[in-house]
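S.K.: Protein chains in written order, with this note's numbering: chain W, 22 to 291; chain B, 30 to 250.
Where is the CB? At the ideal position from N, CA and C, for every residue including glycine.
On a predicted model such as this, the values are computed, not experimentally measured, just so you know.
A single structure is presented below for examination.
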């Protein structure tokens with residue numbers, strides 16, 4: 022006997038509806054929607070089961086910070102974001118740039134500035150961002166110095182930081198030539214000659230930077246390669262080491278904070 | 030000498046009761062493998078690092094070719110004033126490879142430097158001896174003046190003011206078929222004696238010539 026098709030049940034008030042199956046309930050069957058909800062967790066679990074990355078991520082991110090931590094402690098992160106901004110904008114500028122000293126370099130920069138969509142904006146971010154990064158590096162250095170955060174056991178992080186400062190200066194120096202206008206050319210002539218005034222090794226350093234005794238055909242490509250391949254790799258690696266030591270050693274309390282004498286007020290003993 | 034291996038242990042693996050030791054063997058197989066793989070890794074790394082390093086620093090040792098460039102007939106240049114001429118130092122890179130050279134005829138009344146076939150005409154480089162900015166000859170003042178940091182030089186290119194550490198560089202000149210030709214660069218000390226070309230900012234009086242040695246990439250003739 023054929024039965025008439027059933028009509029869908031009328032909508033019930035929420036209080037009267039059967040509760041949804043609990044996750045992990047053997048009676049409740051998982052619908053595709055449930056699977057979709059779990060997809061993100063599953064992917065993360067899949068990766069974590071094979072790499073154990075979550076422990077490292079927790080170690081890096083969920084750290085105890087001392088009382089009194091303030092806005093000055095964000096200068097290091099700000100510097101890192103300035104570096105990331107330089108890295109991203111630099112990669113896209115490199116897609117247009119031609120290190121050709123017989124006119125192509127200047128022309129390609131002019132093309133980016135005047136004709137490429139958002140070119141002036143992205144190049145401006147890179148150009149002004151470099152100054153921002155240098156300023157932030159010095160503010161970060163000043164914070165570390167005046168808060169005494171370079172002292173034991175953080176001396177090595179100070180040393181790495183100084184190397185990062187020098188590499189940042191190298192980036193500024195090599196990047197300055199790339200637009201290849203009058204200012205870039207003469208500033209590089211002067212800069213290379215300042216390098217040359219170092220006794221004994223200076224003249225050879227100048228020859229190395231120029232790729233010969235005079236500003237030549239390979240000088241621009243040398244500066245370009247140092248600017249976008251050699252130093253960024255070193256910078257990224259040393260920023261990694263810098264961050265590792267920050268996570269490993271923790272941040273310092275500001276110098277005006279006294280050690281807590283009263284054990285009853287300590288969180289761990291409360 | 031706290032050499033614990035020689036003091037407390039025999040050099041022979043057999044004496045040290047290492048299983049499978051050979052007669053007279055002093056290096057264990059584990060040690061041999063360790064040293065062997067480290068050596069192989071070292072050879073592999075050196076096989077690309079050394080050529081890459083040599084490639085990068087090679088230009089330091091490569092001598093730039095000497096070129097002679099004609100700038101004009103001999104009667105174009107007076108012996109009491111400079112004529113600016115433009116020569117190409119580095120071919121193939123357009124304007125960036127050119128430089129201005131100030132040329133005049135030798136004047137026996139004022140020129141005290143060595144007189145030979147290369148100084149019948151005096152060719153003064155416009156590259157400031159302070160940090161390499163372009164100096165210009167100012168006729169009214171009879172001085173070379175640098176726009177960057179205020180270096181001032183007299184008619185012979187000797188420093189009379191500002192930060193430069195030596196006189197302006199010169200170029201070898203020669204006369205071929207009635208035409209003045211400009212050759213390679215050389216530097217001069219305050220006595221206008223010739224030295225292999227130095228970069229700006231490098232003094233060559235006294236100890237300076239040893240503190241800033243000449244480079245294989247650029248020699249005087």
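Comparing the C-beta of residue 242 of chain W with each C-beta of chain B, is any distance below 8 Å?
M.R.: Cβ-Cβ to chain B under 8 Å: no for residue 242 of chain W.
S.K.: Taking the beta strand (DSSP E) that residue 98 of chain B belongs to, which residues open and close that run?
M.R.: Note, residue 98 of chain B: beta strand (DSSP E), 98-102.
S.K.: Which bits of chain B does residue 210 of chain W rub up against, with CB to CB less than 8 Å?
M.R.: The contacting residues are 160, 161, 162.
S.K.: Between residue 291 of chain W and chain B, is the shortest Cβ-Cβ distance under 8 Å, so that the two count as touching?
M.R.: Bear in mind that a pLDDT of 45 at residue 291 of chain W, under 50, signals an unreliable position, so the model cannot answer this.
S.K.: What residues of chain B sit near residue 3 of chain W, judged by a beta carbon separation below 8 Å?
M.R.: No answer is possible for residue 3 of chain W: the residues shown for chain W start at 22 and end at 291.
S.K.: Which whole-angstrom value is the C-beta distance of residue 248 of chain B and residue 154 of chain B, which I expect to be below 8 Å?
M.R.: Their Cβ separation, rounded to whole angstroms, is 16 Å, which puts residue 248 of chain B and residue 154 of chain B out of contact at 8 Å.
S.K.: Between residue 43 of chain W and residue 72 of chain W, what straight-line distance do the alpha-carbon atoms span, to the nearest angstrom?
M.R.: Near 29 Å, if we compare the C-alpha coordinates of residue 72 of chain W and residue 43 of chain W.
S.K.: Let me check one thing: in DSSP terms, what residues is residue 127 of chain B bridge-paired to?
M.R.: Residue 127 of chain B is bridged to B:117.
S.K.: Please confirm if residue 136 of chain W has its CB atom under 8 Å from at least one CB of chain B.
M.R.: Judged by the 8 Å Cβ criterion, residue 136 of chain W is not in contact with chain B.
S.K.: Closer than 8 Å by beta-carbon distance: list the chain W residues that pair up with residue 93 of chain B, in chain order.
M.R.: Going along chain W in sequence order, the residues near residue 93 of chain B (Cβ under 8 Å) are 233, 234, 235.
S.K.: Can you tell me whether residue 75 of chain W is helix, strand or coil according to DSSP?
M.R.: Looking at residue 75 of chain W - three-state DSSP - the assignment turns out to be helix.
S.K.: Strictly under 8 Å for the Cβ-Cβ distance: is residue 175 of chain B near chain W by that measure?
M.R.: No, residue 175 of chain B lies away from the interface with chain W (no Cβ there is under 8 Å from its Cβ).
S.K.: If you pair each beta-carbon of the segment 236-243 of chain B with each one of the segment 124-140 of chain B, do three or more pairs fall below 8 Å?
M.R.: At 8 Å Cβ cutoff, the stretches do not touch.
S.K.: Does residue 224 of chain W come out as helix, strand or coil in the three-state DSSP assignment?
M.R.: Three-state DSSP puts residue 224 of chain W in a helix.
S.K.: With a threshold of 8 Å on Cβ separation, who are the neighbours of residue 188 of chain W within its own chain once the five nearest residues in sequence on each side are excluded?
M.R.: The answer, listed in chain order, is 252, 255, 256, 259.
S.K.: Nearest by alpha-carbon distance to residue 179 of chain W: which of W:158, W:195, W:199 is it?
M.R.: Selected option, being the one with the closest Cα: W:158.
S.K.: Starting from the beta carbon of residue 221 of chain W, find every residue of chain B whose beta carbon is closer than 9 Å, and list them in chain order.
M.R.: Here the neighbours are 239, 240, 241, 242.
S.K.: Mapping the DSSP letters down to three states, classify residue 290 of chain W as helix, strand or coil.
M.R.: With a pLDDT of only 49 at residue 290 of chain W, under 50, the local geometry of the prediction cannot be trusted, and the value read off the model is given with reservation. Of the three classes helix, strand and coil, the one that applies to residue 290 of chain W here is coil, per DSSP.
S.K.: Could you round the C-beta distance between residue 160 of chain W and residue 133 of chain W to whole angstroms and report it? I think they count as a contact, below 8 Å.
M.R.: Contact doesn't hold; Cβ gap of about 30 Å is too wide.
S.K.: Contact between the segment 214-225 of chain B and the segment 195-204 of chain B: three or more CB pairs below 8 Å?
M.R.: The segment 214-225 of chain B, when compared against the segment 195-204 of chain B, does touch it at the 8 Å Cβ threshold.
S.K.: What do you reckon, are the CB atoms on residue 118 of chain W and residue 199 of chain W nearer than 8 Å?
M.R.: The answer is yes: Cβ separation under 8 Å.
S.K.: Can you find a C-beta in chain B that's less than 8 Å from the C-beta of residue 179 of chain W?
M.R.: Output row for residue 179 of chain W: interface = no.
S.K.: DSSP three-state label for residue 31 of chain B, please.
M.R.: Per-residue confidence for residue 31 of chain B stands at a pLDDT of 48, beneath the threshold of 50, marking its modelled position as unreliable; the derived number appears in the next sentence. Coil at residue 31 of chain B, not helix or strand.
S.K.: Can you name, in chain order, every residue of its own chain whose Cβ lies under 7 Å from the Cβ of residue 83 of chain B, other than the five neighbours on each side?
M.R.: Cβ neighbours of residue 83 of chain B beyond the five flanking positions: none.
S.K.: For residue 149 of chain W and residue 212 of chain B, I'd like the C-alpha separation in whole angstroms.
M.R.: Each residue's alpha carbon lies about 43 Å from the other.
S.K.: Suppose you measure from the CA of residue 30 of chain B to the CA of residue 37 of chain B; what does that come to, to the nearest Å?
M.R.: The predicted model places residue 30 of chain B with a pLDDT of 44, which falls under 50 and marks its position as unreliable; any figure quoted below should be read in that light. For residue 30 of chain B and residue 37 of chain B, the distance between alpha carbons rounds to 13 Å.
S.K.: Do residue 102 of chain B and residue 207 of chain B have their beta-carbon atoms positioned less than 8 Å apart in this structure?
M.R.: In contact: residue 207 of chain B and residue 102 of chain B (Cβ atoms closer than 8 Å).
S.K.: Mind checking residue 283 of chain W: buried by the 16 CB within 10 Å criterion, or exposed?
M.R.: Under this definition residue 283 of chain W is an exposed residue.
S.K.: From the beta carbon of residue 275 of chain W, is the nearest beta carbon of chain B less than 8 Å away?
M.R.: False, the Cβ-Cβ gap to chain B never drops below 8 Å.
S.K.: Which chain W residues are close to residue 76 of chain B, counting only those with a beta carbon under 9 Å from its beta carbon?
M.R.: None at all; the shortest Cβ gap to chain W is about 21 Å.
S.K.: Residues of chain B with CB closer than 7 Å to the CB of residue 227 of chain W, please, in chain order.
M.R.: Within chain B, the residues near residue 227 of chain W are 228.
S.K.: Tell me the residue span of the beta strand (DSSP E) that contains residue 214 of chain B.
M.R.: Its beta strand (DSSP E) spans residues 208-217.
S.K.: Give me the Cα-Cα distance between residue 234 of chain W and residue 227 of chain B, rounded to the nearest whole angstrom.
M.R.: Near 9 Å, if we compare the C-alpha coordinates of residue 227 of chain B and residue 234 of chain W.
S.K.: Given that residue 88 of chain B touches chain W, what residues does it touch there, using C-beta distances under 7 Å?
M.R.: Result: 228, 232, 233.
S.K.: Could you check where the beta strand (DSSP E) with residue 173 of chain B kicks off and where it finishes?
M.R.: Start and end: 172-174.
S.K.: How far does the beta strand (DSSP E) with residue 166 of chain B in it reach, from first residue to last?
M.R.: Element bounds for residue 166 of chain B: 165-167.
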